[in-house]
Structures are given as structure tokens and as C-alpha cells.
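Chemist:
In the working numbering, the protein residues as written are 19 to 514.
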């Protein structure tokens, strides 16, 4: 099978930020799929790296990171010369459109677009699907057979109002350990050391998508003996791997440098003796401006004092004079935030600057994105947040400090944030919304009318479009965690 691989341009924002002119190629998830499928005859080329028409391929394989990436979907199909709606593609005459990724926890916005979805991990269903395709190609028989493969939703065969689809959860996640996978623009090798996240922050899909799994240290270390010495240890939080010290010691012994990012500053600081390369940028999830809200959404360990101390300690560990840089990920519009929270957040940054006085100045980028209630998380019932651009602007007061050099970077506009939330929650009417967005400007209110769902709070008792999927974490577990967030927010607000 020859396939085009697309992420709906998920790389573009990173390439723009890094000033990269050469396209990255396949995103990591598609590169893993390429390795899994290689023994079964699969060849994938990134859409950015081919000029061949889509009609020359057997399939288009799409990995969706989140609903933001869907916004330009119609443009991609137009560029491929492929009809957007499945009903307009005659069976056997067009490449089949396969879809997966964490952005389709709710697959129904693309339910009238794609021919089949792999729900969850691809390691188990993909070889079986490729074997079936090898026998019959892109005809109706293949879709009939594919609909019987566990973890696969075929919209033309499965009515979500009547069927149940079980999420696929792979036991073996070692494709990148056994194979040389390079996905960054400088072709550094990427090794997935863990999948998922031990932490289960209520807003984040990493900890709630599937169980946490690790690749063993011995296999990882053995694979480091060959290939590029610049690597990226892929994980939601690499520092929380149960054998991370063993992996890092072995990597250092052979001159292997990890260029990956991490997720939690406290995990990093559990190993204060390690050396951090100055060329590496670490990105930490701080998320909320106050400890009050951080505690409510699952980051109760991250007090203001700890944020100050760990950030300063991290800056002290970076090699090289005036080269090290760190980043904080912040979420605007989280429930429970107050307008005056910006003052307390600015004071945290000023404390870091004061504590760094007389030392090498360090750079801190603060990235602001609006809160989007992610399907499959305990906060999926909360209203969408806004204000990323406003907060980035208001935090300019923390820029210009001499020892902690802050740069605030704004994310999506309020309008786009609300539209993305509507899209993530929609059923098959999401395709109509995507077509409307392609035709011209759409307001959040118009998006809600088209998709039949809003961006405000949802009742925990309401039916959700993705309820037809039996996910690893049952809805009852999400409801219990949701109730905990609501209680914590209520308790904190009651104290004020």
C-alpha cells in the first residue's frame, strides 16, 4: 500500500516558531505507523514531501492532534484533489481515507468524511487491516472486513447510535526502540520511552486517553548504540519514567544527548545532578496562574514557592553562558480564575528574577492558550475558556526584568478557541461546520448553530457524541474526577 501521510499541518506552528524552512515530514505518530506497517507492505510519504496527485496513492492516512488541526481540513482535501465528503467518492476509484490520533477521541466530526478510523493505538489493528487490504484493495469487501477488526470504526458500516466500538490499547509500544525513527527537521532520532502519563490532570488527555506504559531501560539503552547521537526521549513526562536515571546515565556514557522536552519541572528536579544541554529547551506545564486553581485541576504539588524554587534551580543547571531557555505552558480561562490573579502570577515571576539576581540571565517564554474542554477528560463538561491574547498582553508587566527575561506568547483568539471547542464536541454536523469555515468567517454563535452544540458547560448527565466508544477509562471514572474538580473549586471559592 502506498499512502499519503497528513497531520493537517500540525508541524506548521512549530516550524514558524523555530524559523524552519524545510518541512519536517511525518509527525511522530505517522512515523510509528510507517514502521508498524512496513513489514506488511505499507509505504507512507508526508504530504509536504510529494508532488504526486492523491489519485496515485491507495490511501490517505491522517493523524489528528486536536480539533485545531481540523479547521483547514477542507483545504487539504482540495489540495489533494479528493472530494471532502465520503458520499462524493465512488468506492474503489479514490484512495481510502484512514484517520486516527488523540484528536479523534470524538471521531464523529469527520464521520461523514473518512472511510475508517482506528480508535486508540494502531499497533494491533493496523497489521490486520493491511492484510485485509492486500487481499481485496479499496473495495466494499475491504470495508466490510475492516468493520470487524477490534478498535476500528467504519462509519458506513457502523451506526454510532446502535454500535459499540472498543478502543485499541497496545501492549507493545516498542516500534521506535527497534527502529530508527527521525521526525524533527534536523533528523534527530526519537525514541518513545513511555506512552501516556502517570499524572491525571483533569484538563489533559495524556493521562486519560489510555493506561500508562513504558519501554524497558535495557531495550532503550541497547538501541542507543547505533544511530544519531542527538535523540529525543519521547514521553508525556520523560523524567517520571521508572528507570530514567539508568537511561540518562547510559546515554551520557556514550555521548548521547537528549533533545526532548519534558512536562513537569518537579520531575526534572528529582535528579539535580544531571547535566542539561544548553541547546535544549524545556517546556513545563504550569497551566494556572494561582495555586488555588492549579490544585483544583490536578497540579496540587505546584505551589507558588515550589514554582519559584524549581524554576531557579532549573536555570542554575543549564550549561552555557546566557544560552539556556525554558518555557511555561499556561491555560487562559480556566474555571475559578479571577481578574486579579494576574497580579499574584506576576509576583511569582518577579520573585524568580529577584532570586536570580547577580547570576547569568535566563530566558523564560510563557505560552498562553485558551482552555479547551477536551473530550475524554474530567473537564470535558466545563465551558470553553478565553482570554489568551488578553493575558499575554496584560503580562507584559513582567517583561524587561534583568535576570529572568520573560517573553509572553499569545495563542488562539477567543473566537477560534470557542469554535474549536464546538468542533471537538460535535457529531457529523462538524463536517458542515468545516465546510462553512472554508467558505468564509464564522462566528462562535454561528458555529454552535451549525454543529448543534455550544461551547458553554455541559450537563454531566447529557449524552455525548463519543459515548458509542468503550474507552479505557469509563465515563464513571471521568464523572468522579469531574466531581472532585467541582468540589475543590467550590471549597476554594467559598474561602474568599
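Each residue gets a CB set at the ideal place from its N, CA and C atoms; glycine is no exception.
CA-CA distance, residue 63 and residue 90?
Modeler: Those two C-alpha atoms are separated by around 20 angstroms.
Chemist: Spatial neighbours of residue 495 within its chain, please: C-beta separation below 7 angstroms, excluding the five flanking residues on both sides.
Modeler: No residues qualify anywhere along the chain.
Chemist: If I measure Cβ to Cβ from residue 329 and keep anything under 6 angstroms in the same chain, skipping five residues before and after, which residues do I get?
Modeler: Counting only Cβ-Cβ distances below 6 angstroms, and skipping sequence neighbours, we find 370.
Chemist: Nearest by alpha-carbon distance to residue 488: which of 124, 418, 217 and 247 is it?
Modeler: Checked all of 124, 418, 217 and 247; the closest Cα to residue 488 is 124.
Chemist: Provide the residue(s) that pair with residue 117 in DSSP beta bridges, ordered along the chain.
Modeler: Answer by DSSP bridge pairing, in chain order: 80 and 135.
Chemist: Identify every residue that forms a DSSP beta bridge with residue 191.
Modeler: Note: residue 191 sits in no beta bridge, so no partner.
Chemist: Between 101, 141, 133 and 74, which lies nearest to residue 58 when the distance is taken from Cα to Cα?
Modeler: Checking every option, the nearest Cα to that of residue 58 belongs to 141.
Chemist: Can you name, in chain order, every residue of its own chain whose Cβ lies under 7 angstroms from the Cβ of residue 410, other than the five neighbours on each side?
Modeler: Cβ neighbours of residue 410 beyond the five flanking positions: 386, 426, 427 and 428.
Chemist: So what does residue 20 bridge to, in DSSP terms?
Modeler: Answer is 61.
Chemist: With respect to the beta strand (DSSP E) encompassing residue 259, which residues constitute its N-terminal and C-terminal limits?
Modeler: Residue 259 -> no beta strand (DSSP E), and no H or E assigned at all.
Chemist: What first and last residue would you give for the beta strand (DSSP E) that runs through residue 313?
Modeler: Residue 313 -> not in any beta strand (DSSP E); alpha helix (DSSP H) instead, spanning 309 to 315.
Chemist: I want to know whether the region 417 to 426 touches the region 439 to 459 - three or more CB-CB distances under 8 angstroms.
Modeler: In short, these stretches do not touch, since the Cβ pair count stays below three.
Chemist: Identify every run of the alpha helix (DSSP H) within the region 122 to 190, keeping only runs that are complete inside it and at least 4 residues long; order them along the chain.
Modeler: Counting whole runs of 4 or more residues, the region 122 to 190 contains the alpha helix (DSSP H) stretches 143 to 154 and 158 to 164.
Chemist: Residue 189 to residue 179, Cα distance in whole Å?
Modeler: Distance between the alpha carbons of residue 189 and residue 179: 30 angstroms.
Chemist: Does DSSP put residue 503 in a helix, in a strand, or in coil?
Modeler: In the structure shown, residue 503 sits in a helix (DSSP, three-state: H, G or I).
Chemist: Around the C-beta of residue 308, are 16 or more other C-beta atoms found within 10 angstroms, so that it is buried, or is it exposed?
Modeler: Residue 308 should be labelled buried.
Chemist: Decide yes or no for the touch test of the region 472 to 480 against the region 155 to 171: beta carbon pairs closer than 8 angstroms, at least 3 of them.
Modeler: As far as the Cβ criterion goes, the region 472 to 480 does not touch the region 155 to 171, which means the pair count is below three.
Chemist: Below 8 angstroms CB to CB, which residues in the same chain sit around residue 362 once its five sequence neighbours on both sides are set aside?
Modeler: Taken in chain order, the residues that qualify are 307, 308 and 322.
Chemist: My output table needs one value for residue 222: the three-state DSSP class, helix, strand or coil.
Modeler: Note: residue 222 maps to coil in three-state DSSP.
Chemist: Three or more C-beta pairs under 8 angstroms: does that hold for the region 101 to 111 against the region 464 to 474?
Modeler: Contact between the region 101 to 111 and the region 464 to 474 is absent, because fewer than three Cβ pairs lie under 8 angstroms.
Chemist: Who does residue 305 pair with in a DSSP beta bridge?
Modeler: 348.
Chemist: Under 8 angstroms by Cβ, that's how I've got residue 48 and residue 81 pegged, so tell me the actual separation to the nearest angstrom.
Modeler: The pair is a contact, with the Cβ atoms about 5 angstroms apart (cut-off 8 angstroms).
Chemist: From residue 257 to residue 267, what does the alpha carbon distance come to, in whole angstroms?
Modeler: Their backbone Cα atoms lie some 13 angstroms apart in a straight line.
Chemist: Looking only at its own chain, which residues have a Cβ that is under 8 angstroms from the Cβ of residue 243, when we skip the five neighbours before and after it?
Modeler: Excluding positions up to five away in sequence, the list reads 272.
Chemist: On the three-state DSSP scale, how would you describe residue 437?
Modeler: Of the three classes helix, strand and coil, the one that applies to residue 437 here is helix, per DSSP.
Chemist: How many Å lie between residue 181 and residue 485 at the Cα?
Modeler: Roughly 10 angstroms between the two C-alpha positions.
Chemist: Can you give me the Cβ contacts of residue 453 inside the same chain, cut-off strictly under 8 angstroms, excluding the 5 residues immediately before and after it?
Modeler: Closer than 8 angstroms at the Cβ level, and outside the excluded window around residue 453, lie 92 and 102.
Chemist: Taking only three categories from DSSP, how would you classify residue 484?
Modeler: If DSSP states are grouped into helix, strand and coil, residue 484 belongs with the helices.
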